[in-house]
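Counting with the UniProt record's numbering, you get residues 1 to 109 for the letters of the sequence shown.
First comes the structure, then the notes that go with it.
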Amino acid sequence: ADGSKAGCNNGNVILWEAAIDYANGLNFAGFTDWRVPNINELLSIVDYGSSDPAIYGARFTHTRSDFYHSSTTNVDMTTTIWVVDFDYGGNWLRAKASTSYLRCVRGGL
1 ADGSKAGCNN
11 GNVILWEAAI
21 DYANGLNFAG
31 FTDWRVPNIN
41 ELLSIVDYGS
51 SDPAIYGARF
61 THTRSDFYHS
71 STTNVDMTTT
81 IWVVDFDYGG
91 NWLRAKASTS
101 YLRCVRGGL
């Protein structure tokens, strides 16, 4: 998908657990196998030569310069997850109780 707001929670922030449920239940563009990307998948679309947002803009429109959820839980502190900050492309740990944006992906891991 093109990452448009229609396929990614309409461009709203969302809690992590709700993001998992949202992606797993998403029926968009004729597909139902959507999910929250893992941290490596999110990092693979960061454009470290850009900022505000740090992403390949021609391919990924409607990206906010802010935090995006990954499905990757921190193994040392399971109340936190890895997120990507698309303002500058960094990855951070945030509490699962924090809200972030969501980019849905589909396909196998």
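Built from N, CA and C at the ideal position, the CB exists for glycine as well.
Only a predicted model underlies this, so the values are computations on that prediction, with no experimental measurement involved.
For the options C8, T63 and V13, the alpha carbon positioned closest to that of N24 is the one of C8.
Beta-bridge pairing by DSSP links W82 to L93. Cβ-Cβ distances below 7 Å link V13 to T99, S100 and Y101 in the same chain, with the five nearest sequence neighbours on each side left out; the list follows chain order. Within the same chain, V105 come within 7 Å of E41 by CB-CB distance, once the 5 residues on both sides are set aside. Rounded to the nearest whole angstrom, the C-alpha separation of P37 and S70 is 5 Å.
Y101 sits in a strand when the DSSP states are folded into three classes.
In this structure, T79 places its C-beta atom within 7 Å of the C-beta atom of K96. Each residue's CA atom was taken as its position, placing Y22 and R35 some 8 Å apart. Taking 4 residues as the minimum length, the alpha helix (DSSP H) runs contained wholly in the stretch 18-85 are 39-43, in order along the chain.
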